[in-house]
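**Student:** To start, I am sharing the structure in question, which I have written as structure tokens.
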Amino acid sequence: MGRMLENVSKTILKEHGVPVPGHAVISVSEEINAHHLLNPCVLKALVPVGKRGKAGAIKFADNVEDARSKADEILGMTVRNFPVDKVLIEEKIDIDEEWYVSITIDPQKQVPVVIATTEGGVEVEDLVKDSPEKVVIYHVEPFAELQPYQSKEIWSRLGVTGKPLVKATAILCKLYNIFLRYDCYILEINPLVLTRDEKVMAAASVMGVDDSALYRHPELEGKVESGSERSWRPLTQLEKDMVKVNDADYRGTARYTEMDGGEIGFMCGGGGGSLLSFDALISLGASPANYTETGGNPPVEKVTGLTKGILSKEGVKGLFVAHNITNNTQIDVFARGIVKAIEELGVDPAAFPIVVREAGVNDEEGKRIFLEAGITYFGEDLTIEEAAAEMVKKMKGAS
Amino acid sequence: MSILINQKTRLAVQGITGREASMIVSHTLAYGTQIFAGITPGKGGQHVQGVPVYDTVAEAVKKHDINATLIVVPPAFALDAVLEAISNGIKLIVVTTENIPQHDAVKLLYAARKQNVTIIGPNTVGMINPKDRIKMGSIGGDRPERCFVPGNVGVISRSGGMTAETSWMVKRAGYGVTTSIGIGGDSLIGTTIKDLLVLFEKDDETEAVVTFSEPGTSFEEDVAQLLKEGGFTKPLISFVAGKFTESMPEGTVFGHAGAMISGNTGRPSLKMKALKDSGAHVVEKYDDIISVLQAVLGAKVGEVK
């Protein structure tokens, strides 16, 4: 899942005929000039997270000096862990009403869903709960586009009539086409604004693109941060390095997430097996330094690169390696990768606690490699939780 | 008995000439599961490990009465492969493919629902019935017996790897499985835990079911509802992994794509509570599956069936 920055999504909206406010992006306040302030303006932190208003990262100004000082304030901020290095400057629009519309995929019904209300400016989740009559939830047949009459019915049920109805109908059809065209998992316009001169305009937009579909959108190259929805903060340097290790070879997948502090390097496999292993360490009072999950069949170099990265984090005093019993991950390859890493780093398994629980494809050979390197190895003789307990015991013995 | 697959299953593999499929096919044949046909456009007339290859599903169905298909094609071709299987009347489709675009997943799942077709997956390790030695998918790898032995327990898991590990725990407890199914790790999948419990309820040989759950979705809440309505009356032993994710900042995904907590939806603690309140045996520790299973099934010894 990858989100776009607002200037990028607004440019796409504009290209497809959805009216948006005039906007520009600045990185230093001196870039703001009289041209930006022909009308009063809005300044927004350009970060890939929502609720910027609540964070104080949206401000208004009506002259250049004021705009520059407010831009400076925003540029010094960190919004929900994202440092602000760019500001979106937009013309302030003359708002009569604030509406809301989003298009997403309903996880229960498994079809696209349009959610619309003319009661904008509030949390739509709360509105659905408290005043469901003010919200239209409209499911769309997956193989079709949203037909104009359907779009019209949505707004009409919300009481929109006259010229605004005609405009809103056309805009929602365009938004739906953008949703389909770019493989969005979310396209949210909040607010969709009715101006005093009866124009309908997308004042703020959130657009997220399915990264599994990026292969068919080469035009979005560089505009979407792939995987950006999986993290609550920008990637750390080590995390970026590990992305490179993963991307260097298409075989096998690996993800590395750094924890604050922690002592145990965590090198586990399987989507579910890694969750179980991490829970097991936590419940024993241990503190993993990272979360690393591998899948498929990573080659030796990838396993080595990951292991080295895990061990390079400051404060790591041990290594826990575990998998569920594998259906296709080759344990011998995994073993070679890990042993290579500790040998290259000069880690001595006699002094540095390492516990391995690996069983599955080619595990006889894997066991031999681990044992020959002096690493404590368990296969089918222990469960994952029992192996985690061995790890914790070993850490205590070492300290 | 088992659910979904048995001796009447007449299996085809779509994408049989690919690299991924070649390993699955060799393991499947070695296990004793018959593969009647393979389908790869442009490769009709060839053979893969003795299995005849056809250009179209239509030909394979006509010649071999295919009634189940395993889809092992790259993400860009998965939607079309599923639509082709559905339009040729196949009612059981296992989709192994990972990273299918969501919009394609929505379409293929919708088409399946309209025609009452069962889809397992996408992004699944598949399923196995060890008594009949039938497996669909990479499940079990080169040695299915390591984890999957015949018995009276059903296993359902979100995670492919944990389908194996959980079935191995059942074996360690002294039992075996009727059918073990990996439902797939994506947020949009064709068959949920609840759907499978309904099938296990009807299966005479299944005496208990063990489930392995992860954060995300409302699958467990749906199961709780089923239990309350009396739709599943056998012992259900449930484990929910990923409790640590609740203390991480919201919006973070650990594990599978579907493992996303949003507000209160998808929280392991709430899933566990819902399951517990509806009468399931919820184990805090994964290893407790063994003792709870022994207690539950031990109590049934001597019971007249």
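Chains A and B supply the protein sequences, listed in that same order. Under UniProt numbering, the first residue of the first sequence is numbered 1, with each subsequent residue one higher. Under UniProt numbering, the first residue of the second sequence is numbered 1, with each subsequent residue one higher. The C-beta atom is built at its ideal place from N, Cα and C for all residues, glycine as well. These figures come from a predicted structure and were not determined experimentally.
Since Ser218/B meets chain A, which of its residues come closer than 9 Å, beta carbon to beta carbon?
**Tutor:** Those are Pro107 and Gln108, listed as they occur along chain A.
**Student:** Mapping the DSSP letters down to three states, classify Phe148/B as helix, strand or coil.
**Tutor:** If DSSP states are grouped into helix, strand and coil, Phe148/B belongs with coil.
**Student:** What residues in its chain sit with their C-beta under 6 Å from that of Ile171/A, if we drop five residues either side in the sequence?
**Tutor:** Val18 and Val200.
**Student:** Please return the same chain residues whose Cβ sits closer than 7 Å to the Cβ of Glu98/A, not counting the five positions on each side in sequence.
**Tutor:** Only Gly120, Gly121, Pro191 and Val193 meet the Cβ criterion.
**Student:** Relative to the C-alpha of Pro144/B, which candidate in Gln14/B, Thr9/B, Phe219/B and Gly32/B has its C-alpha closest?
**Tutor:** The shortest C-alpha separation from Pro144/B is found at Gly32/B.
**Student:** Under the three-state reduction of DSSP, which class applies to Met242/A: helix, strand or coil?
**Tutor:** It is helical.
**Student:** What distance in whole Å lies between the Cβ atoms of Met169/B and Ile289/B, which are believed to be in contact at a cut-off of 8 Å?
**Tutor:** Indeed they touch by this definition, with Cβ atoms about 5 Å apart.
**Student:** Name, please, each residue of chain B whose Cβ falls closer than 8 Å to the Cβ of Thr383/A.
**Tutor:** Residues of chain B passing the Cβ test: Met169, Arg172, Tyr286 and Asp287.
**Student:** May I ask you to list the residues that DSSP assigns as paired with Arg357/A?
**Tutor:** Looking at the DSSP assignment, Arg357/A forms a beta bridge with Ala322/A and Phe378/A.
**Student:** Under three-state DSSP, which class holds residue 485/A?
**Tutor:** No answer is possible for residue 485/A: the residues shown for chain A start at 1 and end at 399.
**Student:** If you draw a straight line from the alpha carbon of Asp203/B to that of Ile3/B, how long is it in whole angstroms?
**Tutor:** So the two alpha carbons sit approximately 7 Å from each other.
**Student:** How would you label Val304/B, buried or exposed, when you count the other beta carbons within 10 angstroms and need 16 or more for buried?
**Tutor:** Confidence is the limiting factor: at Val304/B the pLDDT is only 44, short of 50, which leaves the residue's position unreliable, though a coordinate-based value still follows. Looking at its Cβ environment, which holds fewer than 16 other Cβ atoms inside 10 Å, Val304/B is exposed.
**Student:** Less than 8 Å between C-beta atoms, sequence neighbours within five positions excluded: which residues of the same chain meet that for Pro78/A?
**Tutor:** Per the sequence presented here, residue 78/A reads as Thr, with Pro not at that position. For Thr78/A, where only same-chain residues beyond five positions count, the Cβ hits under 8 Å are Val84.
**Student:** My guess is that Ala57/A and Cys41/A are in contact by the Cβ rule of under 8 Å, so how many angstroms apart are they, rounded?
**Tutor:** With 8 Å as the limit, Ala57/A and Cys41/A do not qualify as a contact, their Cβ atoms being about 15 Å apart.
**Student:** Quick one: Cα of Met1/B to Cα of Val296/B, how far?
**Tutor:** For Met1/B and Val296/B, the distance between alpha carbons rounds to 20 Å.
**Student:** Give me the DSSP bridge partner(s) of residue 401/A.
**Tutor:** Shown here, chain A extends from 1 to 399; a query on residue 401/A therefore has no answer.
**Student:** In three-state DSSP terms, what is His16/A?
**Tutor:** DSSP places His16/A in coil when its eight states are reduced to three.
**Student:** Of all the CB atoms in chain B, is at least one closer than 9 Å to the CB of Leu311/A?
**Tutor:** No, its Cβ sits nowhere closer than 9 Å to a Cβ of chain B.
**Student:** Could you have a look at Tyr176/A and say whether DSSP puts it in helix, strand or coil?
**Tutor:** Of the three classes helix, strand and coil, the one that applies to Tyr176/A here is helix, per DSSP.
**Student:** Using the beta-carbon count (16 or more within 10 Å), is Tyr286/B buried or exposed?
**Tutor:** Buried, because 16 or more other Cβ atoms sit within 10 Å of the Cβ of Tyr286/B.
**Student:** Which residue from Leu13/A, Leu175/A, Cys173/A and Asp279/A puts its Cα closest to that of Met248/B?
**Tutor:** Among Leu13/A, Leu175/A, Cys173/A and Asp279/A, the Cα nearest to that of Met248/B is on Asp279/A.
**Student:** Ignore the nearest five residues each way along the sequence and tell me which others in Ile189/B's own chain have a CB closer than 7 Å to its CB.
**Tutor:** Excluding residues within five positions, the ones whose Cβ falls inside 7 Å are Gly121, Pro122 and Ile183.
**Student:** Quick one: using the 10 Å Cβ neighbour count with 16 as the cut-off for buried, is residue 327/B buried or exposed?
**Tutor:** In this structure chain B extends from 1 to 305, so residue 327/B is not present and cannot be described.
**Student:** Between the Cα of Lys14/A and the Cα atoms of Arg80/A, Ala203/A and Tyr149/A, which residue gives the shortest distance?
**Tutor:** For Lys14/A, the nearest C-alpha among the options comes from Ala203/A.
**Student:** Once DSSP output is grouped into helix, strand and coil, what is the label at Tyr149/A?
**Tutor:** Note: Tyr149/A maps to helix in three-state DSSP.
**Student:** With DSSP as the reference, label Ala373/A as helix, strand or coil.
**Tutor:** If DSSP states are grouped into helix, strand and coil, Ala373/A belongs with coil.
**Student:** Should His16/A be flagged as near chain B, meaning a C-beta pair shorter than 9 Å?
**Tutor:** False, the Cβ-Cβ gap to chain B never drops below 9 Å.
**Student:** How is Gln34/B classed by DSSP in three states: helix, strand or coil?
**Tutor:** Three-state result, Gln34/B: coil.
**Student:** What does the alpha-carbon distance come out to for the pair Asp332/A and Asp260/A?
**Tutor:** Cα to Cα, Asp332/A sits roughly 32 Å from Asp260/A.
**Student:** Please classify Ser312/A as buried or exposed, where buried requires at least 16 other C-beta atoms within 10 Å of its C-beta.
**Tutor:** By the neighbour-count rule (16 or more Cβ atoms within 10 Å), Ser312/A is not buried but exposed.
**Student:** Give me the Cα-Cα distance between Leu214/A and Val101/A, rounded to the nearest whole angstrom.
**Tutor:** Each residue's alpha carbon lies about 24 Å from the other.
**Student:** At a threshold of 8 Å, does Asp72/A count as lining the ligand HEM (C-beta to nearest heavy atom)?
**Tutor:** With respect to small molecules bound, the structure shown includes none, and the ligand HEM cannot be examined in it.
**Student:** Could you confirm whether any beta carbon from chain B is found closer than 9 Å to the beta carbon of Leu238/A?
**Tutor:** No, its Cβ sits nowhere closer than 9 Å to a Cβ of chain B.
**Student:** According to the Cβ coordinates, are Gly279/B and Lys228/B closer than 9 Å?
**Tutor:** A contact, by the Cβ cut-off of 9 Å.
**Student:** With DSSP run on the structure shown, which of helix, strand or coil describes Ala387/A?
**Tutor:** Helix.
**Student:** Taking the alpha carbon of Glu293/A as the reference point, which residue from Ala286/A, Leu281/A, Leu284/A and Ser277/A has its own alpha carbon closest?
**Tutor:** When each option's Cα is compared against that of Glu293/A, the closest is Ser277/A.
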